[in-house]
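K.L.:
Numbering (our numbering), first residue to last: 12 to 281.
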């Protein structure tokens with residue numbers, strides 16, 4: 012039986028909520044409690060609950076966009092009507108496919124061979140530099156309404172890299188969008204929208220694995236509490252991130268990632 016206290020659920024929920032949507036690598040941060048506090052792995056059930064909280068947060072925050080996209084999708088199917096929202100729906104589908112296929116095929120390999128602290132440190136540092144380059148060199152003269160299916164496919168293939176812990180899904184997708192000339196807010200917003208099918212698909216895959224897990228191995232109150240903490244923190248994170256990145260760009264996150272990579276490498280050498 013996995014014993015998780017409300018304090019542990021709070022810490023893990025805050026980490027999940029903060030790092031799921033920021034370009035700073037959630038996988039690197041979720042290793043820290045285990046490394047620094049010697050906590051046991053929280054288990055698959057709790058992971059699903061935390062990710063569900065993040066999913067609900069982005070759905071609620073972007074509810075207007077999500078409703079418009081769902082309506083556009085049904086309009087396209089039922090009455091064959093095209094619109095900017097319809098194009099965005101198709102772009103999200105296109106961008107989701109590479110990571111979905113790669114994740115399904117390579118999930119076991121990634122879990123076995125790429126989760127060392129050294130790998131986390133190297134990729135956290137490397138993709139900090141990628142994000143810095145993208146933020147400095149991107150023209151930032153294109154909006155989300157100008158997103159093409161070709162650009163969506165490029166962002167989708169870039170997202171495959173994020174299967175390697177430390178790269179950061181949001182960091183990779185935002186970097187790709189910036190390099191394609193999209194402004195910071197559009198890059199961030201597309202990354203947030205793209206997280207919906209990715210988190211949903213990942214949770215469905217994990218939920219399938221839960222058939223072999225004792226669902227009563229965790230207190231349901233702790234599960235619910237962790238999900239709520241993750242959701243509330245993620246909601247606030249999305250809100251303030253959009254304002255922060257428009258004003259200061261991605262440099263604060265680049266600096267943070269560099270310090271994090273140094274910290275991880277130092278821990279591995281102890």
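Don't be surprised by glycine CBs; every beta carbon is placed ideally from N, CA and C. In this text, all values refer to a predicted model and were calculated from it rather than measured experimentally.
My output table needs one value for residue 280: the three-state DSSP class, helix, strand or coil.
P.N.:
Your numbering for residue 280 matches position 269 in the chain shown. Here residue 280 sits in helix by DSSP.
K.L.:
By a C-beta neighbour count over all protein chains shown, 10 Å radius and 16 as the cutoff for buried, is residue 251 buried or exposed?
P.N.:
For the purposes of this step, residue 251 is taken as residue 240 along the chain shown, with counting starting at 1. When all chains shown are included, residue 251 counts as exposed.
K.L.:
Taking DSSP as the reference, what is the three-state secondary structure of residue 153?
P.N.:
Sequence index remark: in the chain shown, residue 153 carries index 142 (1-based). In this structure, residue 153 counts as strand in the three-state DSSP scheme.
K.L.:
Could you give the uninterrupted runs of the beta strand (DSSP E) lying entirely in the stretch 140-217, keeping only those of 3 residues or more?
P.N.:
If we require 3 residues or more, the stretch 140-217 turns out to have no beta strand (DSSP E) run fully inside it.
K.L.:
Pairing CB atoms from the stretch 175-188 with CB atoms from the stretch 135-145, are three or more of them under 8 Å?
P.N.:
Yes: at least three Cβ pairs fall under 8 Å.
K.L.:
If you measure between the beta carbons of residue 271 and residue 135, is that distance less than 8 Å?
P.N.:
On the chain shown, residue 271 is found 260 positions in, with the first residue counted as 1. On the chain shown, residue 135 is found 124 positions in, with the first residue counted as 1. The answer is yes: Cβ separation under 8 Å.
K.L.:
Which residue's Cα is closest to the Cα of residue 21: 33, 35, 60, 139?
P.N.:
Translated into positions along the chain shown, residue 21 becomes position 10. It is 60 whose Cα lies nearest to the Cα of residue 21.
K.L.:
So, is residue 37 buried or exposed, given that buried needs 16 or more other C-beta atoms within 10 angstroms?
P.N.:
The count along the chain shown starts at 1 and reaches residue 37 at position 26. Residue 37 should be labelled buried.
K.L.:
Pull up the CB-CB distance for residue 245 and residue 32, whole angstroms please, since I reckon it's below 8 Å.
P.N.:
The sequence position of residue 245 within the chain shown is 234, counting from 1. The sequence position of residue 32 within the chain shown is 21, counting from 1. With 8 Å as the limit, residue 245 and residue 32 qualify as a contact, their Cβ atoms being about 6 Å apart.
K.L.:
Under three-state DSSP, which class holds residue 12?
P.N.:
Here residue 12 refers to the residue found at position 1 when the chain shown is read from its first residue. Residue placement at residue 12 cannot be trusted, given a pLDDT of 49 that sits under 50; the coordinates are not used to answer.
K.L.:
Do you know whose CA, among 256, 110, 113, 80, lies nearest residue 101's CA?
P.N.:
Here the question's residue 101 lines up with position 90 in the chain shown. Comparing Cα positions, the closest option is 80.
K.L.:
Please report the straight-line C-alpha distance between residue 345 and residue 71, rounded to a whole angstrom.
P.N.:
Nothing can be reported for residue 345: it is not among the residues displayed for the chain, which extend from 12 to 281.
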